[in-house]
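In what follows, a structure is listed as structure tokens, so that the remarks can point back to it.
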């Protein structure tokens with residue numbers, strides 16, 4: 053195989069297929085990093101809306117916007133979203149984008165695993181936010197410290213939903 057045919061074969065191997073399937077299954081580190089960035093900023097907006105709701109509740113005495121249970125849920129989801137769904141993925145996206153360029157490689161090591169990690173991150177974040185619709189939103193605080201994480205303040209399976217989401221992200 054001569055150099056020209058080898059280069060064509062490698063270009064075809066490393067290229068992203070056209071269409072929606074190619075867009076969703078790309079293993080290019082730049083595409084995956086952009087996905088992380090966009091998704092992290094969407095989660096930042098959701099966490100910001102949580103913060104706004106909490107600040108409105110605390111802006112004056114006897115505000116009736118949200119109750120204590122929902123406040124704990126918003127507080128938990130705000131912290132989880134900002135730390136595990138925004139801050140960590142932003143650093144990860146920066147590394148995924150820049151490290152192959154700085155090292156001089158064509159792509160990151162294990163590109164399919166890299167792509168799969170994004171989809172696991174997205175499913176974990178969606179799982180956490182869908183828990184609000186299922187009335188299973190976690191209410192154990194940012195890091196599940198006692199007493200909020202104990203059975204008297206956090207009954208049910210809400211902490212299990214939180215732990216599963218943390219495992220995914």
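Numbering (our numbering), first residue to last: 53 to 221.
Even for Gly, the Cβ is constructed at its ideal location relative to N, Cα and C.
- Excluding the 5 residues flanking it on each side, residue 136 has same chain C-beta neighbours closer than 6 Å at 221, in chain order.
- Here residue 117 has 105, 108, 109 as same chain residues with Cβ atoms under 8 Å from its own Cβ, once five neighbours each way along the sequence are excluded.
- Below 8 Å, too few C-beta pairs join the region 57-72 and the region 93-104 to call them touching: fewer than three.
- With a threshold of 16 other beta carbon atoms within 10 Å, residue 165 falls short and is exposed.
- A straight line joining the alpha-carbon of residue 171 with that of residue 70 spans about 20 Å.
- If you check the CB distance, residue 213 and residue 183 come in under 8 Å.
- Of all alpha-carbon atoms in 208, 158, 53, 195, the one lying nearest the alpha-carbon of residue 127 is that of 195.
- Per DSSP, the unbroken alpha helix (DSSP H) holding residue 212 starts and ends at 210-220.
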